[in-house]
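**Student:**
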Amino acid sequence: MQPGIMVDPKKNGRYLTFDLDLTCTDRLIEGLKTLQSLADGDQVIVGIGHIVLAYLKKEIPGFRPFPVYPNALVDAPIVPAAVWIWLRDDDQGNLVRLAHKIKTQLKPVFILKNEVPAFMHHEQGTTDNRDLSGYIDGTENPQGDDAKAAAVLSGLGAGLDGSTFMAVQQWEHDLDKLAGLMARHETDAIIGRRLSDNEQIDDRPASSHVSRTDQESFEPEAHIFRNSMPWSIGERSGLMFSSFVNRQAAFNVQWRRMVGVEDGITDGLFKFTRPISSTCFWMPPMKDGKIDLSFLIG
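With the first letter of the sequence shown counted as 1, position 9 gets the number 9 in full-length UniProt numbering; the numbers rise by one all the way through.
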């Protein structure tokens, strides 16, 4: 697995998504080799979209697009892309220069679609990674071998073993609504945890985020590993939610329940935030210090 996926984020991040230039598909292999040369899996983490697999006539067992539920009670735009890149560094200037280098070298095969700066957030006096709501993110993450068991693909052969599937969603918060909810002391019930000590609330409502995504409440259990960062561009801000699994159903069943398909109850998060894009990517494994694209390019 790309080593940066399962470690704490750096102080700063940058998310880049790219479309495939359909006039350059004859140079796709060349573009992928360039991408491979740029990605170390730590400072530069890479995901590959379905369109790339389609053009190369490759299929990864169990890898499907982001789920669409016609009877979902919440809209969630799906925004496919060819390549997803997560840049990580403590210094923002390094990220700006690195992003420019990558965007320049991936042309003309891959064209920038979106660029989102991100950062770590700590409440005053704390060291935990937090969402802009102030709540700790990723409390229920599996750890150690359990994390690998939830996220890392195995038994599929060279070029696939050690990879993972990612669902990424850019959530945009309404900070005015959030401030009102916090002023009325309603956010603990929305999250299902106390902001003061991060403990679960015993009598939390069924709509709480904890209740909607309780990994052990599904059959089979739906464990995912998440590693997300807050983002902000001008007056807009939110969370870039990134989850990693070796069985996409683990994420899908949680999302299905969040949007009310299971029982008509939607996640309380939607009272102050919405996903403005959702996509799935295949995260290649590592080989010799670089991402391993042998499954795609031989």
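Every residue gets a Cβ at the ideal spot worked out from N, C-alpha and C, and that includes glycine.
Taking Cβ to Cβ, would you say G192 is nearer than 7 angstroms to H209?
**Tutor:** A contact, by the Cβ cut-off of 7 angstroms.
**Student:** Nearest CA to the CA of I291: which residue from T164, Q143, A189?
**Tutor:** With distances taken between Cα atoms, I291 lies closest to T164.
**Student:** Assuming P230 contacts D131 under a Cβ cut-off of 8 angstroms, what Cβ separation, rounded to an integer in Å, is found between them?
**Tutor:** That pair is a contact at about 6 angstroms.
**Student:** Do M258 and R212 have their CB atoms nearer than 7 angstroms?
**Tutor:** Yes.
**Student:** Got a sec, what are the start and stop residues for the alpha helix (DSSP H) R257 sits in?
**Tutor:** Looking at the DSSP string, the run of the alpha helix (DSSP H) that includes R257 is 249 to 258.
**Student:** Quick check: what's the CA-CA separation for R236 versus P61?
**Tutor:** Looking at the two C-alpha atoms, the distance is approximately 37 angstroms.
**Student:** Buried or exposed: where does L296 fall if 16 or more other Cβ atoms within 10 Å of its Cβ makes it buried?
**Tutor:** Its Cβ being crowded by 16 or more others within 10 Å, L296 is buried.
**Student:** What does Q43 pair with, by DSSP beta-bridge criteria?
**Tutor:** Per DSSP, none; premise fails for Q43.
**Student:** Buried or exposed: where does G298 fall if 16 or more other Cβ atoms within 10 Å of its Cβ makes it buried?
**Tutor:** Flag for G298 reads exposed.
**Student:** Determine whether the beta carbon atoms of K11 and D90 lie at a separation below 7 angstroms.
**Tutor:** Yes; because the gap between Cβ atoms is below 7 angstroms, this pair is in contact.
**Student:** Keeping to the same chain, check which residues put their C-beta closer than 7 angstroms to that of P108; ignore five residues upstream and five downstream.
**Tutor:** Result list for P108: D21, C24, in chain order.
**Student:** What residues in its chain sit with their C-beta under 8 angstroms from that of I78, if we drop five residues either side in the sequence?
**Tutor:** If we look at I78 and ignore the five residues flanking it on each side, its Cβ neighbours are P65, F66, V68, S277, S278, T279.
**Student:** Under a three-way DSSP split, which group does S217 fall into?
**Tutor:** DSSP places S217 in helix when its eight states are reduced to three.
**Student:** Enumerate in chain order the residues of its own chain whose CB-to-CB distance from A82 is below 7 angstroms, with the five nearest sequence positions on each side excluded.
**Tutor:** For A82, where only same-chain residues beyond five positions count, the Cβ hits under 7 angstroms are F18, D19, L20, G49, I51, V52, F110.
**Student:** Which same chain residues, not among the five before or five after E262, have their C-beta less than 7 angstroms away from its C-beta?
**Tutor:** R256, listed in sequence order.
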